[in-house]
Amino acid sequence: MKFPTGGIVRERKQIRCDSETDSRVWMGESSMHEFFMKMALDLAIKAKGRTSPNPMVGALVVNEGAVVGTGYHKKAGTPHAEVEAITAASGKTSNATLYVTLEPCCHYGKTGPCTDLIISSGIRKVVFAMEDPNPLVAGKGKEQLKKAGIEVVSEVLLQDAMRLNEVYIKSITSHMPFVVLKSAISLDGKVATSTGQSQWISGNEARTYAHQLRDTYDAVLVGVDTIISDDPQLNVRIPDYQGRNPVRIVLDSTLRIPLTSRVIHSISQAETIIATTAQADKDKFDKLTSKGIKIYDTGSGPQVNIAILLKKLLKENHITSILVEGGPRVSASFLSEGLVDKICWFIAPIMIGGHEAKGPLASIGISDLSRAPCFKISYVQQLGNDLFVEAYPEKVNEKLCLQE
């Protein structure tokens, strides 16, 4: 099954040349830069879901029109893409061009600065897609290369690179995780029957894809009602799966979660975090923590303070992305607070009907269509008989009028 690259829409824009000796980039060179940058982006996406909290980065070394070395950042703590590509070039870097999807770093972290290696390698030109939003870099890498006499070309396939690293950009600039809201609905917009049955609205292909989504993000989040009604494992169930299961997060303001829940008894597979309030059952609190469950108190209540929770998850657990799989109340809460960065909707070709059957949002709803929150569809794919739709809110982080 082909995994989408985040609904990337390619926009051909003018390429900015930062060389002091060349004020323009000819169309032929522009097309060449885009050709090789596309290769670098394809390399970067190989590590989708593996590099957090770092960005996905791909790189390649081109000498006299031929690719002589490629590389990508595989996961945090491993060599950066530039190091992989230059090493793979095996000494063929003199007067070569380096294509990289992100501005090369110029600071010491778990690894040394890539700019030093680039300068010492004899590379004469660096073409990158987007500036690194990390304040430790943010243009400094580019300036260091230029001072060393290396020609720098930037903003090649900029929009593609930004979409590729939307999680990294959100987390590094706002100090909040990137939130994806996922739901499976019928053609008439229902997530369950009047009796609460929801397994399974979508087909096998869609459910497999949903597990691939779990593999992509750092954490998966549900409300306690989902735990009580379905007792889900919230792990990745793909044949021969070799990845890592996401952290499991449960919203539970009073700690109603059953001690027999599978998310509690399978913490060896993945960490489980429960977000609660000061109204939590103290005896239950002690029993859960004794089992190795991490509990975050988000305030006085009555509901879990989602914004406080998200900040804690990034700061204390380095969780940069969350897949929200909660029920109608949880989904409405995230949307109402303006905390959704993207939605992933699975639409099944069935009709459920009924006034008592639940829709994906448990809210009073809007009364004026002109105030309806709007989304921009970026990607649509057929999965078996179902449709997968990816969309972004037109006004990100704006509280939505779902409860007028």
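Numbered by the numbering used here, the letters in the sequence shown go through residues 951 to 1354 in order. Backbone N, C-alpha and C fix where the C-beta goes; we use that ideal spot for every residue, glycine too. Small disclaimer: the values here were computed from a predicted structure and weren't measured.
Measure how close the beta-carbons of I1223 and R1206 come, nearest whole angstrom, since I'm counting them as under 8 Å.
With 8 Å as the limit, I1223 and R1206 do not qualify as a contact, their Cβ atoms being about 16 Å apart.
What is the rounded straight-line gap between the Cα of I1297 and the Cα of T1143?
Each residue's Cα considered, the two are about 15 Å apart.
Can you list, in chain order, the stretches of the beta strand (DSSP E) that have 3 or more residues and sit fully within the segment 1131-1158?
Segments of the beta strand (DSSP E) lying fully in the segment 1131-1158: there are none.
What's the gap between the Cα of F1338 and the Cα of C1294?
Approximately 7 Å, taken between the alpha carbons.
Skipping 5 residues on each side, what residues in its chain have a beta carbon closer than 7 Å to that of C1064?
Excluding sequence neighbours, C1064 sits near H1030, E1032, V1033, P1054 and C1055.
To the nearest angstrom, how far is the alpha carbon of S1360 from that of L1010?
In the structure as shown, the chain begins at 951 and stops at 1354. Residue 1360 is therefore absent and cannot be evaluated.
Within 10 angstroms of its Cβ, does R1198 collect 16 or more other Cβ (buried), or is it exposed?
Label assigned to R1198: buried.
Just the C-alpha distance for K1308 and S1133, rounded to the nearest angstrom, thanks.
Distance between the alpha carbons of K1308 and S1133: 12 Å.
Using the Cα positions of A1039 and V1076, report the straight-line distance between them to the nearest angstrom.
Each residue's Cα considered, the two are about 15 Å apart.
Could you check what DSSP says for Q1229 in three-state terms: helix, strand or coil?
Correct three-state label for Q1229: coil.
Would you please state the rounded distance, in angstroms, between the beta carbons of I995 and M1006? I believe it to be under 8 Å.
Contact holds; Cβ gap of about 6 Å.
Could you pull the start and end residues of the beta strand (DSSP E) that R1198 belongs to?
Note, R1198: beta strand (DSSP E), V1197 to L1201.
If you check the beta carbons only, do S1148 and Q1183 fall under 8 Å apart?
Cβ atoms of S1148 and Q1183: not closer than 8 Å.
First and last residue of the beta strand (DSSP E) that includes N1267?
Here N1267 belongs to no beta strand (DSSP E); instead the alpha helix (DSSP H) covers I1256 to N1267.
Can you tell me whether I1245 is helix, strand or coil according to DSSP?
DSSP places I1245 in strand when its eight states are reduced to three.
Rank D1066, E1105 and V1087 by C-alpha distance to the C-alpha of G1099 and give the top, closest one.
For the residues D1066, E1105 and V1087, the minimum Cα distance to G1099 belongs to D1066.
Going along the chain, which residues of its own chain have a beta-carbon closer than 6 Å to the beta-carbon of T1158, five neighbours each way excluded?
There are no such residues.
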